[in-house]
Amino acid sequence: MTQFLHRWFGRGWLSLGYLFLYIPIVVLVVFSFNSSRQDMVWSGFSLQWYAALASDTEIISGFGLSLRIALLTACGSVILGTFAAFVLDRYQRFKGRTLFTGMVSAPLVMPEVIIGLSLLLMLVSVQKMFGFPERGLVTIWLGHTLLGMAYATVVVQSRLQEMNKSLEEAAMDLGCRPFQVFFLVTLPNIKQALGSAWLLTFTLSLDDVVLSAFLSGPGSSTMPIVIFSRARLGLDPRVNAVAALTILVVSIGVIASSLYIARAERLRSKQLAAAAKG
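Residue 1 is where the sequence shown starts when you use UniProt numbering, and the numbers rise one by one after that.
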């Protein structure tokens, strides 16, 4: 009886946690189809706010800018994070390791306000000296990549620690050079972690407000900044519509990635089982 109560108590708390997290998202999506402009007053099903997005140049421009920055950020973060994780995992002792580890980990614990202000001051000084870069896509991308690289390093490093290093040693014994081992053995074995890191950094960049607010310039407002500025003046039903579309895009990406990772894991298990039999 006690075990039964403990099990249902745990399930109850877990269910409450999921409801607390996801009910606001469900409500937002539902009211994006509301024909009324008033919040939380349902007056009928309508697609008018989705149609209104087609003429809202500010949101469309902000979404396009956010999407470009998120794609660039995800790719840059995964590349830099992979190299940083490889160095930290494979080279246990080198001069400046402690400083390097601290620099990689600092964005994880540093408030984004401090990071954004520091980058703003640095980029303003650089712009005064060289006339470049103007605040906009490049500066926002630099800030997002700085933050995303730290997260990507954690994800990739955890996979490298679990990886069977004997595979790399066997490749070296067979005559592969270090860069060949990295690209032919290491990367294929951590591709699932790379995909997870890419999705994580893409999502972090797509919805970042603080860094984007510090590093954006005139005419370079990302979608979260546009939504935040409108929310301060009262919720616009078009904001609900664009948020619902964003949720749809992210959900499709997560589902596709999960299916790909599951398929790759099954294939890898079959290959290992076949190798063990052989």
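For glycine and all other residues, C-beta sits at the position ideal for the given N, C-alpha and C.
Item, Value
"Relative to the alpha-carbon of Leu-206, which residue among Val-104, Pro-111, Gly-81, Leu-147 has its alpha-carbon at the smallest distance?", "Leu-147"
"Mind checking whether Ile-162 and Val-185 have CB atoms under 7 Å apart?", "The residue you asked about is not Ile; residue 162 is Glu in the sequence shown. It is not a contact, given that the beta carbons lie outside the stated cut-off."
"Inspect the beta-carbon positions of Val-156 and Gly-81 and report whether they are closer than 7 Å.", "yes"
"Measure the Cβ-Cβ separation of Thr-201 and Ser-66 and say whether it is below 7 Å.", "no"
"Alpha helix (DSSP H) containing Gly-148: first to last residue?", "137-162"
"Does the count of Cβ pairs from the segment 133-149 and the segment 69-79 closer than 8 Å reach three?", "yes"
"Using CA coordinates, which residue listed in Phe-86, Ala-244, Ser-55 is at the minimum distance from Phe-182?", "Phe-86"
"I'd like to check one pair, Gly-143 with Leu-117: are the Cβ atoms closer than 7 Å?", "no"
"Suppose the cutoff is 6 Å on Cβ atoms and the five residues either side in sequence are ignored; what does the same chain contact list for Tyr-22 look like?", "none"
"Quick one: what's Asn-240 bridged to in DSSP?", "Looking at the DSSP assignment, Asn-240 forms no beta bridge with any residue, so it has no partner."
"State buried or exposed for Val-124, treating a residue as buried only when at least 16 other CB atoms are found within 10 Å of its CB.", "exposed"
"At the level of alpha carbons, what is the spacing between Ile-79 and Gly-64?", "23 Å"
"For Ala-264, collect the residues of the same chain with a Cβ closer than 8 Å to its Cβ; drop the 5 residues on either side in sequence, then sort them by chain order.", "Lys-191, Gln-192"
"Does the Cβ of Leu-199 have 16 or more other Cβ atoms within 10 Å, making it buried, or fewer, making it exposed?", "buried"
"Tell me, please, whether the segment 17-36 touches the segment 235-252 by the rule of three or more beta-carbon pairs shorter than 8 Å.", "yes"
"Give me, in chain order, the residues of the same chain whose beta-carbon lies closer than 7 Å to that of Glu-112; leave out the 5 immediate sequence neighbours on both sides.", "Val-210, Leu-211"
"I need the boundaries of the alpha helix (DSSP H) containing Glu-112, first residue and last residue.", "112-130"
"What is the C-beta distance between Ile-59 and Arg-238, in whole angstroms, given that I count them as a contact (C-beta under 8 Å)?", "7 Å"
"Pick helix, strand or coil for Phe-45, following the three-state DSSP scheme.", "strand"
"Can you grab the Cα-Cα spacing for the pair Ser-258 / Leu-194, in whole Å?", "13 Å"
"By a C-beta neighbour count over all protein chains shown, 10 Å radius and 16 as the cutoff for buried, is Trp-141 buried or exposed?", "buried"
"When you compare each of Pro-188, Val-126, Val-249, Gly-62 to Ser-229 by their alpha carbons, which one comes out closest?", "Gly-62"
"Just to confirm, are Ser-220 and Gly-136 a CB contact at a threshold of 7 Å?", "yes"
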